[in-house]
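Participant: When you line the sequence shown up against this note's numbering, it's residues 10 to 64, in that order.
Please read through the structure below; I'll follow up with questions.
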Amino acid sequence: MYDLLGREVARLAEGRQPAGPHAVVLDGTGLPDGLYLIRLDAGGQVQTRAVTRRH
10 MYDLLGREVA RLAEGRQPAG PHAVVLDGTG LPDGLYLIRL DAGGQVQTRA VTRRH
């Protein structure tokens, strides 16, 4: 997970995962409100999604 300046602020999962659906939980404690980007690289395909942190 990255802030809008491109700095990594959290790592939600790491390494190879078995095929199938997966879910991760992010504890946003300590992260300021704002817009963040989550990047998923799976099987050579990369997807990026924007998420908003609000208290």
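Beta carbons: idealized from backbone N, C-alpha and C, even for Gly.
This structure is a prediction, so every number in the text was calculated from the model and none was measured.
Does the stretch 53-63 come within contact of the stretch 18-33, defined as at least 3 CB pairs closer than 8 Å?
Facilitator: Contact between the stretch 53-63 and the stretch 18-33 is absent, because fewer than three Cβ pairs lie under 8 Å.
Participant: Report whether the distance from the Cβ of Leu40 to the nearest heavy atom of the ligand COA is below 7 Å.
Facilitator: For the structure depicted, the ligand COA is absent and the ligand set is empty, with no information on it obtainable.
Participant: Between the Cα of Asp12 and those of Ala32, Glu23, Arg48, Gly24, spot the shortest distance and give me the residue it belongs to.
Facilitator: In the sequence shown, counting from the first residue as 1, residue 12 sits at position 3. Residue Arg48 is the option with its Cα nearest to Asp12.
Participant: Alpha carbon to alpha carbon, what distance is there between Leu44 and Ala19?
Facilitator: The residue you call residue 19 lines up with position 10 of the sequence shown. The residue you call residue 44 lines up with position 35 of the sequence shown. Approximately 13 Å between the Cα atoms of the pair.
Participant: Between the alpha carbons of Gly24 and Leu14, how many angstroms are there, rounded?
Facilitator: Mapped onto the sequence shown, residue 24 falls at position 15. Mapped onto the sequence shown, residue 14 falls at position 5. Using only the alpha carbons, I get a separation of about 24 Å.
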